[in-house]
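Before any comments, here is the structure.
Number of protein chains: 2
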Amino acid sequence: MKSVSRLAILLAATALCAAAPAIVQAAPDKALEAKFDAMISPAEMDGWLKTLAAEPNHVGSAHGKANADLTLALFKSWGWDAKIETFWVLYPTPIEVAIELTAGPGAPFKATLTEAPIPGDETSSRIKDELPAYVAFQGDGDVTAPLVYVNYGMPADYDALERLGVSVQGKIVIARYGAGWRGLKPKLAQEHGAVGAIIYSDPRDDGYSTDDVYPKGASRPPQGFQRGSVADMTTFPGDPTTPGYGSTKDAKRLTRQESPTILKIPTLPLSYGDATVLLRSLDGPVAPPAWRGSLPITYHVGGGSEAKGGGGGQVHLKVVSDWSLKPAYDVIATLKGKVAPDEWIIRGNHRDGWVFGASDPLSGHVAMMGEAKALGALYKGGWKPKRTIVYTSWDAEEPMLLGSTEWAETHAEELKTKAVAYINSDSNARGFLGVGGSHSLQHFVNEVAADVTDPQTGVSVRDRLRANLAVQAAENPTNPRAVAQGRLAADPTKDLPIEALGSGSDYSSFLQNLGLATLNLGFGGEGSDGGVYHSAYDTYEHHTRFVDPGMAYSGALAKVTGRMVMRLADADTPVQRYGDFADTVSGYLDEVKRLAEAKRDEAAQRTRLLAAGAYRLADDPTVSRGDPAPLPASPKLDFGPMDRAVARLKASATAFDQTLSTKGATLSSAQKKRLDAALMPLEQKLLRDKGLPFRPWYKNMIYAPGRFTGYGAKTLPGVREAIEERRFDDAATYIGLTAEALTDYAAGLDAATAVINGG
Amino acid sequence: MKSVSRLAILLAATALCAAAPAIVQAAPDKALEAKFDAMISPAEMDGWLKTLAAEPNHVGSAHGKANADLTLALFKSWGWDAKIETFWVLYPTPIEVAIELTAGPGAPFKATLTEAPIPGDETSSRIKDELPAYVAFQGDGDVTAPLVYVNYGMPADYDALERLGVSVQGKIVIARYGAGWRGLKPKLAQEHGAVGAIIYSDPRDDGYSTDDVYPKGASRPPQGFQRGSVADMTTFPGDPTTPGYGSTKDAKRLTRQESPTILKIPTLPLSYGDATVLLRSLDGPVAPPAWRGSLPITYHVGGGSEAKGGGGGQVHLKVVSDWSLKPAYDVIATLKGKVAPDEWIIRGNHRDGWVFGASDPLSGHVAMMGEAKALGALYKGGWKPKRTIVYTSWDAEEPMLLGSTEWAETHAEELKTKAVAYINSDSNARGFLGVGGSHSLQHFVNEVAADVTDPQTGVSVRDRLRANLAVQAAENPTNPRAVAQGRLAADPTKDLPIEALGSGSDYSSFLQNLGLATLNLGFGGEGSDGGVYHSAYDTYEHHTRFVDPGMAYSGALAKVTGRMVMRLADADTPVQRYGDFADTVSGYLDEVKRLAEAKRDEAAQRTRLLAAGAYRLADDPTVSRGDPAPLPASPKLDFGPMDRAVARLKASATAFDQTLSTKGATLSSAQKKRLDAALMPLEQKLLRDKGLPFRPWYKNMIYAPGRFTGYGAKTLPGVREAIEERRFDDAATYIGLTAEALTDYAAGLDAATAVINGG
């Protein structure tokens with residue numbers, strides 16, 4: 001589901017970690033890992049990819065069911081205890097879709113809304129089961145209204161529109177993909193009174209401006225469009241009608257109307273071939289510079305017709321969907337642990353695509369299959385992990401993480417007791433390793449990355465990433481973040497940072513609702529699938545030609561992720577280094593303090609400029625741009641509780657890390673067991689029952705998807721977003737709640753330290 | 001000639017000025033200025049504009065001669081002692097021009113190279129005397145070669161090309177307009193072995209991406225192209241065959257081949273309508289992200305055909321010119337001063353355009369005419385300025401500042417003795433006042449700007465600019481320069497900074513060769529002429545519809561510039577505040593020190609990354625991008641001489657400003673005369689005979705056009721450019737020379753202070 005440059009992810013990471021004492025652990029079993037590596041076959045993955053991506057495999061499709069059955073059969077054949085768990089999920093599919101320009105320059109015009117086969121891509125011609133343009137969980141409707149261009153459709157865009165004197169009330173908006181998560185675009189449009197929404201892919205963002213278009217190159221061709229979910233992910237993921245509990249066959253459900261995460265206005269995606277006609281029809285103000293893509297037109301905002309009696313574009317938008325329940329088939333496979341069978345290492349990747357899904361998700365799924373086959377063979381050959389390994393092939397991730405969320409909600413109590421960690425992957429590409437997740441695992445990630453060889457350069461994937469961060473810093477000397485990461489990367493004694501996780505793939509429930517230690521991994525940055533993302537051109541042909549020829553990086557992913565699973569399953573003492581988490585949180589606290597200051601300064605500045613009439617004086621009077629709204633004065637927040645909690649956390653983390661380092665090798669079996677028991681619930685201390693404002697499902701006080709970023713993470717979200725949105729009472733409340741969570745976490749660490757000390 | 005956003009100029013200014021003691025001066029004659037203002041008539045300017053811009057008026061054209069005669073006659077009728085000084089300048093005009101795509105996708109194709117009339121713009125249909133596409137002082141030729149796209153054609157672009165493995169040796173380059181001065185593009189192409197150059201206007205920079213295209217909006221239509229000079233301005237301006245002396249009728253001349261400023265390769269400008277076909281034909285690597293404009297194509301670099309036996313675009317480029325001498329008619333008009341007739345206040349604007357030249361230069365020229373008419377009327381009415389006023393209507397600015405440079409070179413010795421200041425303007429538009437020049441005049445500029453009312457808002461043009469800087473800062477909180485200027489603008493007790501001058505208009509000789517106090521002024525930032533700059537669509541119709549309807553800002557320019565002239569002509573005591581100059585230079589010194597450090601860091605970093613093989617590891621191996629070239633280790637420079645000179649300058653400037661402030665009102669007439677005599681040669685102390693490296697014509701050690709920016713200024717150029725280009729021996733030499741110049745300047749100030757003190 002999620003497709004962003006892994007490199008970008010890494011460069012976006014906000015925390016830089018300091019050197020910390022090396023932790024003495026039982027060394028990983030390198031001989032076992034060598035055997036594992038020898039069984040990883042990119043050629044085999046290529047074969048699986050071809051089979052799984054042969055036909056459209058969206059939720060409820062015939063090939064989707066076939067893929068579930070095949071995956072189940074393979075896992076069984078590899079020696080796993082495997083089964084399918086079926087959920088019954090609401091999943092609307094399009095019955096009728098239409099976008100027409102009914103008035104204005106270029107009218108009448110009817111958009112295609114289907115993706116014609118591409119010469120030379122045989123898969124793209126298998127359109128029998130392919131669905132036309134749609135986005136999941138929009139609100140059906142049939143509307144005709146003037147069109148307004150809203151750039152990326154994010155909050156700042158609406159502020160700019162207001163200053164331009166253009167309202168979207170009663171209009172249909174057209175937004176371009178990018179900048180914020182897809183689902184926010186129709187949601188914000190709806191909140192601003194729009195009656196419909198269209199989301200198109202501008203060629204500047206993933207079309208001809210980025211590379212030759214498919215089939216000559218990897219980028220989006222004029223007729224390609226991006227499907228996707230627009231359910232209100234930032235409120236909660238999973239089935240919109242079963243909030244917080246599993247969509248089992250007999251589950252009690254909200255009605256579609258009652259569900260808070262199903263949108264109310266009709267919404268469709270659009271290709272840039274068709275969008276050009278719609279955008280060209282607009283009148284009104286010329287769009288601000290940052291709003292302009294690379295279509296060969298002057299971008300206008302629209303909204304001019306009413307004021308001037310002109311005739312800007314008017315659009316007819318219609319969506320009728322089949323709102324029936326569809327089955328989602330999660331394949332759950334287990335290798336039982338011999339020492340601690342009730343300690344689970346869970347690994348997952350989704351299996352469903354929007355159409356053929358070669359890159360997204362199958363490139364990651366076949367890596368997971370490779371791991372599973374190799375682990376099964378090791379198991380058959382006599383290796384028995386200490387802990388239980390659970391492999392999960394999720395269905396229905398694309399519509400809104402349905403397969404994983406419903407499973408996690410159904411098994412929540414058991415998972416909270418038994419799960420040690422959840423490791424996720426999704427689509428994969430050539431390039432650099434990108435990792436996000438719980439920062440207590442940051443050093444563990446670095447150790448694993450140092451032991452896997454990059455297919456293209458022959459150095460470790462960590463060394464390649466380190467080199468890249470150093471070069472990025474050299475080539476972007478005015479980017480403070482790149483420079484900071486480059487400085488870090490230049491010191492080989494330091495770990496590379498992992499990012500904080502937002503949402504957009506199946507880790508969300510595990511991290512943000514259940515509070516488990518979580519990682520999400522993938523390679524990328526080269527040979528991106530961005531140009532065919534969620535289109536009918538994300539095919540075996542495209543993936544193996546442009547994204548990962550020879551599936552070398554699916555192989556590398558399997559080696560990274562498989563190692564993590566084996567090391568976590570067999571670890572003699574904890575792999576975590578809690579000082580990294582403490583340092584990271586300390587960095588986040590510095591950020592939110594600076595943010596609070598910046599928001600105070602901004603409010604004062606705005607007040608001063610408004611009083612001076614500066615906006616009016618600075619404006620071109622021929623372009624209507626009114627004053628920006630005044631900002632309420634910002635109080636000075638008391639960060640004392642956070643300061644004290646972070647200081648306590650640092651002390652407790654340092655004590656634990658040092659104690660484990662000096663005494664870890666001498667622990668008795670009973671101590672180790674007690675230590676596991678003490679640490680397994682530790683990350684859950686970060687949850688607060690109250691959850692985050694407007695969205696109690698999200699309970700993690702450290703990591704959340706942003707309310708206005710979607711996929712993008714917000715750290716210390718209760719505090720940070722309250723400051724960003726100037727909800728200063730909430731900020732104070734969540735300073736308290738977050739401090740509580742961190743203090744509980746520190747107390748948990750102290751208890752674990754006591755176990756090592758013989759407690 | 002020069003066309004950039006005035007706002008951008010101001011925001012680009014590097015020096016921020018501090019508050020300084022107010023200087024007590026004889027107050028300007030506000031009653032006189034009110035009379036002057038009352039005679040400024042935008043409607044009259046509109047009429048002059050219509051007449052002057054009625055036909056093509058390039059150098060040597062019939063209408064150009066008629067405009068000279070008309071200007072002369074009007075000045076005389078207004079009471080000025082006026083004459084025409086004729087120079088005989090080399091000015092090549094096109095006889096035959098051709099650009100054809102002869103091989104590759106899209107071939108054969110022949111570019112238009114003419115600008116068809118625009119419906120509704122009657123002027124644009126007067127094409128009888130219009131010249132086709134050409135740039136002045138390219139090297140004629142007839143070549144056929146593969147095409148390579150070089151982005152803006154600046155040095156960093158060639159570094160990037162080299163890493164992509166693409167050479168321009170023996171090729172024709174196509175560069176887009178922007179980023180650096182036009183003439184650098186063919187010059188650098190030539191130095192890299194190219195046999196021809198094409199410069200096109202990408203729609204991202206001034207076409208449909210910026211506004212609706214003409215006639216619907218102000219921006220460049222698909223068939224519009226930008227003419228201009230490509231003589232090597234950064235070596236010296238003026239007639240390429242008379243370096244350093246006047247192009248009088250009998251002047252001894254270099255041959256065309258001997259001239260160092262005439263290029264050797266054929267070069268033509270191109271419209272984006274035609275460029276699309278050429279760029280689409282290219283193969284080879286996809287252009288780096290920053291190189292991509294907004295044509296609806298994937299930008300490729302070219303150069304792929306040889307390596308792969310493919311067939312990228314091949315181009316035939318032909319230019320044949322008439323290299324005969326043409327007459328340039330400078331109109332020189334004088335109002336004699338009654339007290340100090342040998343102290344001259346000089347004011348100039350050029351009169352020649354590339355075609356009709358309505359915005360560039362006539363919008364500024366008619367403002368100057370308005371001033372001249374009003375000053376003439378005041379003179380006739382009895383006002384006799386203390387000092388002599390010289391108004392200059394330059395011809396032949398467009399081909400390379402010919403009219404002003406040849407006049408200044410011819411009269412150099414007299415000017416060095418008599419000129420108090422030179423005040424320049426050029427094209428003018430709606431918006432904000434932008435001023436560049438000698439920083440000793442910064443406070444004077446602020447005082448004048450506070451006394452002229454902005455036509456659109458009714459506040460002073462300074463207050464409007466102040467508001468704009470404050471709003472820019474608020475809206476660009478991550479731009480350090482915007483924030484610094486905003487902080488300054490927020491304090492009404494502080495002056496706004498003026499920018500340093502590079503080149504691109506007629507002030508160059510006065511400031512950089514003769515060392516006179518110089519100012520260059522214009523309004524802009526709204527209703528830009530950028531979209532028709534140097535094209536046949538820069539017409540009366542375009543200017544009065546989009547750039548300055550009603551000529552209100554030509555009126556405002558006349559009020560600003562006329563005030564400056566009157567105040568300088570009548571000033572009882574010096575208007576300069578030298579502390580502003582000292583503070584500004586001190587800021588420049590801080591900048592070059594930081595630059596030296598950054599260059600040292602960069603070299604060390606590059607060495608480290610090369611040794612670690614980091615570039616290779618960070619590279620996508622499917623995209624050839626070799627290691628960057630190693631950088632020689634940078635020595636630590638001794639800035640001691642500059643530190644001492646700046647400290648001395650600050651002390652001398654403070655002493656002068658304070659002494660004048662306390663004793664200025666009590667000076668005797670004899671003292672005032674001696675003070676004038678002491679200060680008139682002061683700015684000339686900034687010159688060193690040796691001039692700058694590679695270009696001895698440029699003698700000012702503080703201000704110069706950049707060798708690799710062209711129009712853009714480099715301050716402390718001998719030092720700064722030596723560091724930028726890693727000529728560290730030159731840096732040491734010019735630290736010494738610049739320190740000498742500043743010390744001489746300080747000594748001159750000390751002598752002036754002694755005069756005030758009764759010396």
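Line by line, the protein sequences are chains A and B.
Position 492 (the first sequence) corresponds to 492 in our numbering; numbering is contiguous.
Position 409 (the second sequence) corresponds to 409 in our numbering; numbering is contiguous.
All C-beta atoms, glycine included, are put in the ideal place defined by N, C-alpha and C.
Computed from a predicted model, the values in this text were never measured in an experiment.
Contact residues of the stretch 465 to 478 of chain B toward chain A are A467, N468, A470, V471, A474 (C-beta to C-beta distance below 7 angstroms). For the set R688/B, K264/B, K249/B, the Cα lying nearest the Cα of N513/B is the one of R688/B. Closer than 9 angstroms at the C-beta level to chain A, one finds these residues of the stretch 214 to 233 of chain B: K216, G217, S219. The C-beta of Q169/B has fewer than 16 other C-beta atoms within 10 Å across all chains shown, which makes the residue exposed. For A197/A, the enclosing beta strand (DSSP E) starts and ends at 196 to 200.
In the structure shown, the three-state DSSP call for N700/A is strand.
Sequence-distant Cβ neighbours of D643/B in its own chain, meaning closer than 8 angstroms and more than five residues away, are L589.
In this chain, the alpha helix (DSSP H) harbouring S661/A covers 640 to 663. Cα atoms of K673/B and V646/B: separation of roughly 28 angstroms, rounded to the nearest angstrom. Along the stretch 251 to 287 of chain A, the alpha helix (DSSP H) occurs as fully enclosed runs of 4 or more residues at 272 to 280, listed in sequence order. Neighbours of A612/A in chain B, taken as residues whose beta carbon is under 8 angstroms from its own, are A467, A470 in chain order. Residue-level contact by beta carbon holds for I297/A and chain B, with a gap shorter than 9 angstroms.
Within the stretch 296 to 335 of chain B, the complete beta strand (DSSP E) runs of at least 3 residues fall at 314 to 322, 325 to 335. Judged by pairs of C-beta atoms under 8 angstroms, the stretch 601 to 611 of chain A does not touch the stretch 733 to 744 of chain A, as fewer than three such pairs exist.
Scanning its chain for C-beta atoms nearer than 6 angstroms, with the 5 sequence neighbours on each side dropped, one finds around A194/A the residues V168, K171, V173, in chain order. Partner residues in the beta bridge of N424/B, as assigned by DSSP, are G348/B, N520/B. For D81/A, the enclosing beta strand (DSSP E) covers residues 81 to 90. In the DSSP assignment, no residue is bridged to P222/A. Looking at the DSSP output, T392/B sits in a beta bridge with I332/B, G348/B. Straight-line spacing of the CA atoms in M45/B and P327/B works out to 27 angstroms.
Between F523/B and G434/B, the CB-CB gap stays under 9 angstroms. At least one CB atom of chain B sits nearer than 9 angstroms to the CB of A618/A. In terms of Cβ geometry, D142/B and H411/B do not form a close pair [threshold 9 angstroms].
Proximity to P243/A across G502/A, S229/A, K249/A, P260/A peaks at P260/A, based on C-alpha coordinates. Approximately 14 angstroms separates the beta-carbon atoms of E343/B and M566/B; this is outside 8 angstroms, ruling out the contact. In the three-state DSSP reduction, D360/A falls in the helix class (H, G or I). By the Cβ criterion, the stretch 630 to 639 of chain B is not in contact with the stretch 694 to 714 of chain B, since fewer than three pairs of Cβ atoms, one from each stretch, lie closer than 8 angstroms.
The beta carbon of G527/B sits closer than 9 angstroms to some beta carbon of chain A.
Among the residues of chain B, none has a CB under 7 angstroms from the CB of D491/A; the nearest is roughly 11 angstroms distant. P155/B: member of the alpha helix (DSSP H) spanning 155 to 163, first to last residue.
Listed as beta-bridge partners of G436/B by DSSP are E499/B, N520/B.
Within the DSSP bridge table, the entry for E602/A names no partner. Closer than 9 angstroms to the CB of D463/B there is at least one CB belonging to chain A. About 5 angstroms separates the CB atoms of S508/B and P237/B; that is less than 8 angstroms, so the two are in contact.
Counting along the chain, the unbroken beta strand (DSSP E) around D142/B starts and ends at 141 to 149.
In chain order, S209 make up the part of chain A whose C-beta sits under 7 angstroms from the C-beta of R292/B.
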